[in-house]
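Okay, so here's the structure we're looking at.
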Amino acid sequence: MEEKNYEALDQETLFLVSQTFKALADPTRIRILHLLFDRELSVSNISEILDLNQSNVSHQLRFLKNLRLVKYRRDGKTIYYSQDDEHVMKILQQSIDHASHH
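For the sequence shown, our numbering begins at 549 and goes up steadily by one.
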């Protein structure tokens, strides 16, 4: 079999792709991203809706922010988070759709 136009992935791309899938491998992070799909919420809102402690939510949001999967804005003392990567959100939605079709 002839390999046409194969271009190896560089180390940075491989790392970022693996980290993205690592982010999506955690049920809590999936729940948070799903919640932020089309809205902006504070840590306390996310904690309340998902019935999680704020410390855990903050930790997961920090992980997602470092991968640029969520972004934030400050309004006074409150920080609001929203999704920051349409590509990953599409992958997440497609994965949810796939899992829903038993």
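The beta-carbon is built from N, C-alpha and C at its ideal position, and this holds for glycine as well.
About 7 Å separates the beta carbon of Y628 from that of L589, a gap short enough to meet the 8 Å contact definition. Inter-residue distance for S630 and H646 is about 24 Å (C-alpha atoms, whole angstroms).
Each of R577, L615, L564, T568 was checked against the Cα of N604, and the nearest Cα belongs to R577.
If you look at D599, you'll find it isn't in any beta strand (DSSP E); DSSP assigns it neither H nor E. Runs of the beta strand (DSSP E) lying entirely within the stretch 562 to 646 and spanning at least 3 residues, in chain order: 618 to 623, 626 to 631.
One thing to note: D632 has its Cβ within 8 Å of the Cβ of L617. Ranking N553, L615, F585, S606 by CA distance to the CA of A571 puts L615 first. Counting C-beta atoms within 10 angstroms of its own C-beta, V636 has 16 or more neighbours from the protein chains shown and is therefore classed as buried. The straight-line gap separating the alpha-carbon atoms of T626 and I580 is approximately 18 Å.
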